[in-house]
Amino acid sequence: MSSSSEAQLPNRSSEIRKDAVFGRWVVFSPARSRRPSDFKSKAPNPNSNPNPSSCPFCIGRESECAPEIFRVPPQSSDWKIRVIENLYPALRRDVNPPDTGSDHAVGPCQVTGFGFHDVVIETPHHPVTMCDLEPEAVGEVLLVYVERVRQLKALGSVKYVQVFKNHGAAAGASMTHSHSQIMGIPVIPPSVTARLSCMKEIFDLTEKCSVCDLQSDQNLMINGSTHFFAIAPFAASYAFEIWIIPREHSTYFHELDRAKAMDLGGLLKLMLQKLAKQLNDPPFNFVIHTAPFDLSPSCLPYSHWFLQIVPLLGTTAGFELGTGCYINPVFPEDAAKVLREVDC
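Using UniProt numbering, the letters of the sequence shown map in sequence onto residues 1 to 344.
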């Protein structure tokens with residue numbers, strides 16, 4: 001770890017910034033902490049029990065899981081990745097989907113609980129985390145996401161798919177074996193609608209995609225690869241939050257090809273390594289923000305997918321709940337500098 005990890009952060013005054021993608025205001029209050037080391041996770045390592053005897057996600061225990069959807073390689077007992085149904089799904093695939101012509105299948109504010117809730121088992125081996133995988137193996141996990149999103153899109157009854165990963169109990173992971181989740185839902189979430197509306201507003205004013213434009217600020221840049229760049233966003237809601245963004249304008253995550261998935265896998269692994277090393281392997285969430293299926297062509301110029309990584313270093317409290325604004329004790333320029341200098 002570089003010596004800068006214990007360095008004093010620059011003196012700054014509090015500042016309020018507006019996020020040009022999500023449209024929310026963020027209060028930066030650096031007086032709450034002065035050193036990056038103040039943010040090291042106090043949570044226990046989420047894989048502190050490396051060889052549990054009862055993990056159904058481990059190789060050889062496939063019969064203990066919910067039904068399998070597919071595996072990589074196909075039909076191989078020596079599998080690398082498996083996609084299965086969630087044993088305790090938030091939504092049910094065995095009920096009738098809402099009427100495709102209307103969201104109001106049950107009532108004006110109610111639709112049937114139809115949807116898909118899947119689990120991606122990222123490795124057959126319990127002690128291995130995504131951070132431990134080779135870059136190519138992380139890329140293969142991303143390609144599994146792509147394949148499953150495409151399958152759900154083909155059904156016609158799913159309007160939006162959310163890919164996400166919870167790492168550590170504090171981040172919502174109920175299983176320590178490395179896995180991620182995919183949910184296909186029959187409605188477009190309001191946060192997605194708000195994100196697109198905010199990006200449209202910026203596009204109408206500037207004729208620029210607000211996500212494409214982020215790569216112009218080198219002070220926020222952490223690392224880059226051939227096809228992607230990683231930044232601390234200008235109005236980050238969370239300390240040491242990272243976005244990984246396609247360099248070329250791209251609306252849909254599920255259009256990712258193999259070459260770009262391999263490239264993204266290397267950069268994603270590097271970002272997870274930097275967070276683990278700098279912040280003591282914190283619990284984290286990552287989510288892939290993409291566009292709803294069949295978006296109007298007029299929306300394509302300002303809709304740009306990206307992957308957001310949020311280390312859980314604090315708590316959401318009354319101010320955030322009451323206002324929808326966040327308080328971040330670390331300016332993104334400082335977070336980016338610290339993470340750039342972490343040697344992995």
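Note that CB positions come from ideal geometry on N, CA and C, so glycine has one too.
The structure displayed is predicted, hence computed values, not measured ones.
For residue i, which of helix, strand or coil comes out of DSSP?
{"i": "Lys-165", "result": "strand"}
{"i": "Arg-150", "result": "helix"}
{"i": "His-117", "result": "strand"}
{"i": "Phe-70", "result": "strand"}
{"i": "Arg-247", "result": "coil"}
{"i": "Leu-87", "result": "coil"}
{"i": "Ser-210", "result": "coil"}
{"i": "Met-130", "result": "helix"}
{"i": "His-254", "result": "helix"}
{"i": "Ser-174", "result": "coil"}
{"i": "Tyr-160", "result": "strand"}
{"i": "Ser-54", "result": "coil"}
{"i": "Thr-315", "result": "coil"}
{"i": "Asp-103", "result": "Confidence in Asp-103 is poor, its pLDDT being 49 and thus under 50, which makes the residue's placement too unreliable to answer from."}
{"i": "Ile-59", "result": "coil"}
{"i": "Ala-92", "result": "It should be noted that the sequence gives Arg, not Ala, for residue 92. Strand, per DSSP."}
{"i": "Cys-65", "result": "coil"}
{"i": "Pro-190", "result": "helix"}
{"i": "residue 346", "result": "The question about residue 346 has no answer, for the chain in this structure spans 1 to 344."}
{"i": "Leu-143", "result": "helix"}
{"i": "Tyr-238", "result": "coil"}
{"i": "Cys-344", "result": "coil"}
{"i": "Pro-282", "result": "coil"}
{"i": "Leu-204", "result": "It should be noted that the sequence gives Asp, not Leu, for residue 204. The answer is helix: DSSP assigns Asp-204 an H, G or I state."}
Leaving aside the five residues before and after residue i along the sequence, list all residues of the same chain whose C-beta is less than 8 Å from its C-beta, in chain order.
{"i": "Pro-67", "result": "Ile-84 and Glu-85"}
{"i": "Arg-340", "result": "Met-221, Ile-222 and Asn-223"}
Could you tell me which residues DSSP puts in a beta bridge with residue i?
{"i": "Glu-15", "result": "Phe-28"}
{"i": "Ile-222", "result": "DSSP, once it has assigned bridges, lists no residue as partnering Ile-222."}
{"i": "Asn-328", "result": "Phe-28"}
{"i": "Lys-307", "result": "According to the sequence as given, residue 307 is Leu; it is not Lys. The partner list for Leu-307 (beta bridge, DSSP) reads Ile-244 and Ile-288."}
{"i": "Phe-229", "result": "Gly-224 and Ile-245"}
{"i": "His-179", "result": "Ile-121"}
{"i": "Ile-81", "result": "Val-72"}
{"i": "Gly-184", "result": "Phe-116 and Val-161"}
Go through its chain and collect everything with a Cβ distance to residue i's Cβ below 6 Å, but skip five positions before and after it.
{"i": "Cys-65", "result": "Pro-56 and Ile-84"}
{"i": "Ile-59", "result": "Pro-124"}
{"i": "Pro-89", "result": "His-117"}
{"i": "Thr-226", "result": "Asp-263"}
{"i": "His-177", "result": "Cys-55, Phe-57 and His-126"}
{"i": "Val-163", "result": "Tyr-145, Ile-182 and Ile-288"}
{"i": "Pro-311", "result": "Phe-240, Leu-275, Leu-279, Pro-282 and Phe-284"}
{"i": "Ala-165", "result": "The sequence given here places Lys at residue 165; Ala does not occur at that position. Taken in chain order, the residues that qualify are Ser-180 and Phe-286."}
{"i": "Asp-19", "result": "Ala-235"}
{"i": "Tyr-326", "result": "Val-26, Ser-237 and Glu-320"}
{"i": "Thr-251", "result": "Ala-291, Leu-300 and Ser-303"}
{"i": "Trp-243", "result": "Ile-231, Pro-233, Phe-306 and Gln-308"}
Using C-beta distances below 7 Å, list every residue in its chain close to residue i, excluding the 5 sequence neighbours before and after it, in chain order.
{"i": "Asp-103", "result": "With a pLDDT of only 49 at Asp-103, under 50, the local geometry of the prediction cannot be trusted, and no value is derived from it."}
{"i": "Val-72", "result": "Trp-79, Lys-80, Ile-81, Glu-140 and Val-144"}
{"i": "Pro-46", "result": "In this prediction, Pro-46 scores a pLDDT of 49, lower than 50, which makes its location untrustworthy; no coordinate-derived value is stated."}
{"i": "Asn-96", "result": "Thr-112 and Phe-114"}
{"i": "Phe-28", "result": "Ser-14, Glu-15, Arg-17, Asn-328 and Phe-331"}
{"i": "Arg-12", "result": "Pro-30 and Phe-331"}
{"i": "Gln-273", "result": "Cys-131 and Cys-344"}
Report back the beta-carbon spacing between residue i and residue j to the nearest angstrom; my notes put them in contact at under 8 Å.
{"i": "His-179", "j": "Val-120", "result": "6 Å"}
{"i": "Asn-223", "j": "Leu-268", "result": "In fact, because the Cβ distance is near 11 Å, the residues do not count as touching under 8 Å."}
{"i": "Val-21", "j": "Ser-210", "result": "6 Å"}
{"i": "Ala-336", "j": "Met-221", "result": "6 Å"}
{"i": "Ile-185", "j": "Lys-159", "result": "7 Å"}
{"i": "Gly-266", "j": "Pro-135", "result": "4 Å"}
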